[in-house]
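Note that the protein sequences, when read in sequence, are chains A and B.
Quick note: the first sequence uses the working numbering, first residue 149, plus one each step.
Quick note: the second sequence uses the working numbering, first residue 149, plus one each step.
Note that the Cβ used here is the ideal one computed from N, Cα and C, for glycine as well.
Model, not experiment: these values are computed from the prediction.
Structure first, then comments.
Number of protein chains: 2
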Amino acid sequence: MMNKNLTQRQQEVFDFIQQYIEVNGYPPTLAEISEKLSIQPNAARTHLLLMQRKNVLRYVPNISRGIELLKQKRHGIPIYGTAPAGHPFLSQENVVENFEVRNYISASTDVFGVYVRGDSMKDAMLVSEDLVFVDPKKTPRNGEIVVALVEGEPTIKRYYKEANAIVLKPENKKYQPIIIQKSDDGFRILGVVIGVIRSLDKKKIDTLVEEHKAYGKASVN
Amino acid sequence: MMNKNLTQRQQEVFDFIQQYIEVNGYPPTLAEISEKLSIQPNAARTHLLLMQRKNVLRYVPNISRGIELLKQKRHGIPIYGTAPAGHPFLSQENVVENFEVRNYISASTDVFGVYVRGDSMKDAMLVSEDLVFVDPKKTPRNGEIVVALVEGEPTIKRYYKEANAIVLKPENKKYQPIIIQKSDDGFRILGVVIGVIRSLDKKKIDTLVEEHKAYGKASVN
DNA sequence: ATACATACTGTAAAAATATACATCATTGAT
DNA sequence: ATCAATGATGTATATTTTTACAGTATGTAT
Chain A
149 MMNKNLTQRQ QEVFDFIQQY IEVNGYPPTL AEISEKLSIQ PNAARTHLLL
199 MQRKNVLRYV PNISRGIELL KQKRHGIPIY GTAPAGHPFL SQENVVENFE
249 VRNYISASTD VFGVYVRGDS MKDAMLVSED LVFVDPKKTP RNGEIVVALV
299 EGEPTIKRYY KEANAIVLKP ENKKYQPIII QKSDDGFRIL GVVIGVIRSL
349 DKKKIDTLVE EHKAYGKASV N
Chain B
149 MMNKNLTQRQ QEVFDFIQQY IEVNGYPPTL AEISEKLSIQ PNAARTHLLL
199 MQRKNVLRYV PNISRGIELL KQKRHGIPIY GTAPAGHPFL SQENVVENFE
249 VRNYISASTD VFGVYVRGDS MKDAMLVSED LVFVDPKKTP RNGEIVVALV
299 EGEPTIKRYY KEANAIVLKP ENKKYQPIII QKSDDGFRIL GVVIGVIRSL
349 DKKKIDTLVE EHKAYGKASV N
């Protein structure tokens with residue numbers, strides 16, 4: 149994250165502070181900065197004052213470790229509700245909440261993400277390059293979509309528990325269901341899919357719509 | 149974020165520290181904590197030492213503001229690549245990256261989110277309750293999906309620029325395109341849709357698949 | 001050539017912070 | 001009934017951290 153306005157030395161100071169906070173959880177003292185850069189505390193102080201003018205950090209005099217890095221406070225994305233007509237839509241007042249994935253998909257703390265590959269779930273609207281969020285703590289119910297390890301390979305399928313076996317159904321007629329016998333080793337449910345996120349560009353939109361419409365025709369065969 | 153193991157007083161201390169860091173960017177001194185809770189600095193110190201034993205924070209003696217809150221370091225969600233067979237899939241080594249929406253949808257810094265309502269874009273796989281990410285800085289190209297303000301009402305449609313007008317096409321045969329004359333006032337493009345996120349539970353999955361299959365039948369009529 | 005901003009050194013002093021005792025009250029567990 | 005853990009007070013002291021001066025040097029734009 150190079151700040152174009154900063155001089156080389158200032159950037160070094162900035163980087164050190166950033167790293168220090170990452171490691172320690174609190175900002176460094178002037179002495180710590182100066183030691184690292186082999187300069188005097190006073191020189192470090194000057195840097196902070198100059199950088200403050202450039203608005204990349206806040207330096208509070210007389211406060212030990214009174215350094216706050218600005219800019220990269222880009223946390224969450226504002227979400228606007230459906231504003232009442234008349235109001236300027238994009239105003240602060242219409243911010244309903246701030247987006248944080250963890251809040252949005254509200255799952256246990258150890259959710260993880262996996263990219264979808266292939267088209268075996270395309271009828272459930274999961275296509276290649278989508279990123280699915282998986283909750284490993286959740287026990288799958290029939291019909292839910294799960295990520296499972298079948299013979300060492302991760303796969304995304306619909307889950308159905310039957311008398312003596314577990315059936316993993318793809319959502320695409322081109323593919324056959326996978327049947328897991330109770331004795332099967334090398335099989336493991338990694339978790340339940342609780343969300344998807346898709347990055348859209350024009351090409352992706354077009355592909356999606358094509359596939360979607362093709363489905364209609366295919367189903368008449 | 150209530151920590152079950154903490155006593156009430158400890159929770160108060162924890163909450164204050166959290167809030168203080170949020171506001172100032174660096175942790176408080178013992179004196180600041182003690183002042184807020186109307187106790188002696190020494191008492192505050194004891195709390196920190198006790199809480200450290202409970203692993204909710206780190207307190208470094210002799211270091212001013214030497215407090216680091218632990219636990220809520222839950223930033224981003226780990227994303228696993230498709231692991232080579234044999235490797236334990238869910239191991240740290242397979243973490244490809246850490247999920248941050250802003251990185252994922254890679255847009256200008258002022259992206260925002262809006263919830264989708266209605267089914268006018270259902271054929272482009274945008275359904276009610278989906279959250280779309282919108283980039284206000286991006287200029288729409290023909291065929292891209294945009295969020296626009298039409299007579300004060302926000303709406304999501306496909307964008308097409310024609311000789312004398314702009315056409316906003318829904319992706320659902322039930323609805324008619326909206327045609328905007330150049331002179332039209334009260335019309336404004338708010339941004340281009342660059343991503344979607346959907347929270348999935350079993351009910352939502354079922355609804356999606358139902359609608360998706362129904363599309364096939366409808367399109368044969 | 002001459003400001004001006006950056007990038008320092010070095011030292012003493014001032015201010016901000018943390019800590020060591022000594023002491024006490026309350027509560028829950030053995 | 002007593003121990004251990006929590007939650008405190010209060011004061012003097014030690015330590016950490018910042019700051020005020022007083023200088024020096026270098027490059028760059030005017």
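Go ahead and label residue i buried or exposed: buried means 16 or more other beta carbons lie within 10 angstroms of its beta carbon, across all protein chains shown.
i, result
"A/A192", "buried"
"A/R346", "buried"
"A/R289", "exposed"
"A/P209", "exposed"
"A/S186", "exposed"
"B/E292", "buried"
"A/S182", "buried"
"A/K322", "exposed"
"B/E216", "buried"
How many whole angstroms separate the CB atoms of residue i and residue j, which I take to be in contact at a CB cut-off of 8 angstroms?
i, j, result
"B/V262", "B/V280", "6 angstroms"
"A/G339", "A/D283", "5 angstroms"
"A/Q167", "A/M199", "Rounded, the Cβ-Cβ distance is 16 angstroms, inconsistent with contact."
"A/L205", "A/L197", "Not quite, the Cβ-Cβ distance comes to about 10 angstroms (not below 8 angstroms), so this is no contact."
"A/G214", "B/Y174", "6 angstroms"
"B/I326", "B/V298", "6 angstroms"
"B/A313", "B/Q324", "14 angstroms between Cβ atoms; not a contact."
"A/I304", "A/V344", "Not confirmed; about 10 angstroms, so no contact."
"A/K184", "A/F162", "The Cβ separation is near 12 angstroms, so there is no contact."
Give the DSSP bridge partners of residue i, in chain order.
i, result
"B/R306", "B/I293 and B/K317"
"A/Y252", "Looking at the DSSP assignment, A/Y252 forms no beta bridge with any residue, so it has no partner."
"A/E216", "A/R206"
"B/D332", "Paired residue(s): none; B/D332 is not in a bridge."
"B/E301", "B/V298"
Between which residues of its own chain and residue i is the CB-CB distance below 8 angstroms, once the five residues before and five after are set aside?
i, result
"B/N146", "Missing from the structure shown is residue 146 of chain B; chain B here goes from 149 to 369 and no further."
"A/F260", "F281, V282, P284 and G339"
"A/P302", "V262, V295, A296 and L338"
"A/Q156", "none"
Apart from the five residues just before and just after residue i, which ones in its own chain have a Cβ nearer than 7 angstroms to its Cβ?
i, result
"B/K202", "N153 and L154"
"A/I337", "P288, V294 and A296"
"B/R265", "S276"
"A/G334", "E299 and G300"
"A/K317", "K305, R306, Y308 and P325"
"B/A179", "P189"
"A/T177", "S212 and R213"
"B/D258", "P284 and K285"
Over what stretch of residues does the beta strand (DSSP E) that includes residue i continue unbroken?
i, result
"B/R206", "L205 to Y207"
"A/V262", "F260 to Y263"
"A/V341", "F335 to S347"
"A/Q156", "Note, A/Q156: premise wrong, no beta strand (DSSP E); alpha helix (DSSP H) at Q156 to N172."
Cutting at 6 angstroms between CB atoms, please list the residues of its own chain near residue i, excluding the five before and the five after it.
i, result
"A/Y308", "N290 and V315"
I'd like the span of the alpha helix (DSSP H) that includes residue i, first residue to last.
i, result
"A/Q324", "Counting along the chain, A/Q324 falls outside any alpha helix (DSSP H), and DSSP gives it neither H nor E."
"A/L279", "Careful: A/L279 lies outside any alpha helix (DSSP H), inside the beta strand (DSSP E) at L279 to D283."
"A/P189", "P189 to R201"
"B/L178", "L178 to K184"
The ligand COA and residue i: does the residue's C-beta get closer than 7 angstroms to at least one heavy atom of that ligand?
i, result
"A/A179", "The ligand COA is not part of the structure shown, which contains no ligands of any sort."
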